[in-house]
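J.: Before we start, here is the structure in question, set down as structure tokens.
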Ligand code: LLH
Ligand code: MG
């Protein structure tokens, strides 16, 4: 089926989250925000969709790379088209990043699922129809009764367990919080959460991202004494040897890399050289579903788990298609944000969670998003 049309629809919706100066998400007053819908359509009228930031789908990305490769091609050739787009990343001088590449690839997968009337997780392998979720908190803040103190984390953890989560991951305080980062406060928050949930709930920590080796070591010792399950992105991931050093010096499993570039190539290096005990991928970090599946299978070949970064339809599809990853990352969560409320442009959220803490894979074709096309049409700013 030949691709005949590729369209980016930019529209407004009401958001109740804001980003701080370092890019971390926090609760905010309801305000107008902008997002975009990428639509890829073939000659028979079938379309595939994905949502992304208007920046990742800006005209230069679309015209110079995505449309240039995809227009006139067979939409079913997902791997061939991904390889052709990925080649352009070098020529783009880095401007065509893994996020934009991943969005284009996700729309192709959605198209394929809709075309053959099957959910993407089934097409990819159909390993499991449900998966447990861990509650992933927002980064710490300075909001009263929010996530401002270790006691706030403890109270919220108790709420999360009552809500049905079987595991919790903390993101602790990072700049621009005025006094952060602080190893001492991170350990205090981790201790308050352990105290609140008891000895048996798996707990994880994703801390600061910019600690030195000695700070990362001290924090790691603290949380392994609290029987935490994994320790994630506490240092800049561009230095793999720092992670090798840390993994050699701590007992707690190290998870990564999440943010570092290089797709499956960098994940293979980390696995081979011992930078991580648990591998990491996410569809928006490595350029899509195809490369994520390669990383999951790379981990499987080495008897490693691979845990998926973040939620959303693409990550959920991957989780339904392999077995060596334990949890869906549900979040980011905060006492003042209702995660279960869908944004106005969706009729339902992709990942409703029952009281059993399980996320069920979508049963509808493609990536399974229940898109409110009428709402988008009424709030469109531009179509290109
Ligand atoms: O910086 C943040 O807000 C978090 O680290 C965020 O990227 C989160 O998605 C994450 O790392 N989850 O694992
Ligand atoms: Mg993380």
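Residue numbers (the numbering used here): 16 to 399.
Think of the CB as a built atom: it goes at the ideal place given N, C-alpha and C, for glycine as much as any other residue.
If you measure from the CB of residue 151, is any heavy atom of the ligand LLH nearer than 8 angstroms?
T.: yes
J.: Roughly how many angstroms separate the alpha carbons of residue 18 and residue 143, rounded to a whole number?
T.: Taking the straight line joining both Cα atoms gives about 31 angstroms.
J.: Using the beta carbon as the reference atom, which residues fall closer than 7 angstroms to any heavy atom of the ligand MG, ordered along the chain?
T.: Of all residues, those with a beta-carbon under 7 angstroms from at least one heavy atom of the ligand MG are 221, 247, 248, 273, 324, reported in chain order.
J.: What are the partner residues of residue 15, as DSSP defines its beta bridges?
T.: Residue 15 lies beyond the range of the chain shown here (16 to 399); nothing can be said about it.
J.: Helix, strand or coil, according to DSSP, for residue 112 in the structure here?
T.: Residue 112: coil per DSSP, three-state reduction.
J.: Flag residue 184 as yes when its Cβ comes closer than 8 angstroms to any non-hydrogen atom of the ligand LLH, and as no otherwise.
T.: yes
J.: Would you call residue 386 buried or exposed, if buried means 16 or more other Cβ atoms sit within 10 Å of its Cβ?
T.: exposed
J.: Does the beta-carbon of residue 370 have 16 or more other beta-carbons within 10 angstroms, so that it is buried, or is it exposed?
T.: With fewer than 16 other Cβ atoms from the protein chains shown falling within 10 Å of its own Cβ, residue 370 counts as exposed.
J.: In chain order, what residues of the same chain have a beta carbon less than 6 angstroms from the beta carbon of residue 45, not counting five sequence neighbours either side?
T.: 29, 31
J.: Inspect the CB distances between the region 128 to 142 and the region 97 to 116 and report whether three or more fall short of 8 angstroms.
T.: The region 128 to 142, when compared against the region 97 to 116, does not touch it at the 8 angstroms Cβ threshold.
J.: What are the residues that DSSP puts in a beta bridge with residue 30?
T.: Bridge partners of residue 30: 46.
J.: If I follow the unbroken alpha helix (DSSP H) through residue 165, where does it start and stop?
T.: 165 to 178
J.: When DSSP labels each residue in this structure, what does residue 80 get in the three-state scheme?
T.: In the three-state DSSP reduction, residue 80 falls in the helix class (H, G or I).
J.: Ignoring anything shorter than 3 residues, give me the beta strand (DSSP E) runs that lie fully in the region 49 to 75, in order along the chain.
T.: As far as the region 49 to 75 is concerned, its whole beta strand (DSSP E) runs of at least 3 residues are 62 to 67.
J.: Can we count residue 347 as close to the ligand LLH, meaning its CB is less than 8 angstroms from some heavy atom?
T.: yes
J.: Would you mind giving the Cβ-Cβ distance between residue 249 and residue 37, rounded to the nearest angstrom? I have them listed as a contact below 8 angstroms.
T.: Not really, about 15 angstroms apart at Cβ, beyond 8 angstroms.
J.: Residue 302: buried (16+ other C-beta within 10 angstroms of its C-beta) or exposed?
T.: buried
J.: Output the boundary residues of the beta strand (DSSP E) element that contains residue 398.
T.: 395 to 398
J.: Return the residue from the list 125, 34, 237 that minimises the CA-CA distance to residue 155.
T.: 34
J.: Specify, as a first and last residue, the run of the beta strand (DSSP E) that residue 307 falls within.
T.: Looking at the DSSP string, residue 307 is not in any beta strand (DSSP E); the run it does join, the alpha helix (DSSP H), is 304 to 316.
J.: Any heavy atom of the ligand LLH within a distance shorter than 8 angstroms of the CB on residue 187?
T.: no
J.: Apart from the five residues just before and just after residue 235, which ones in its own chain have a Cβ nearer than 7 angstroms to its Cβ?
T.: 246, 261, 265, 267
J.: In this structure, does DSSP put residue 282 in helix, strand or coil?
T.: helix
J.: Per DSSP, what are the beta-bridge partners of residue 321 in this structure?
T.: Answer is 294.
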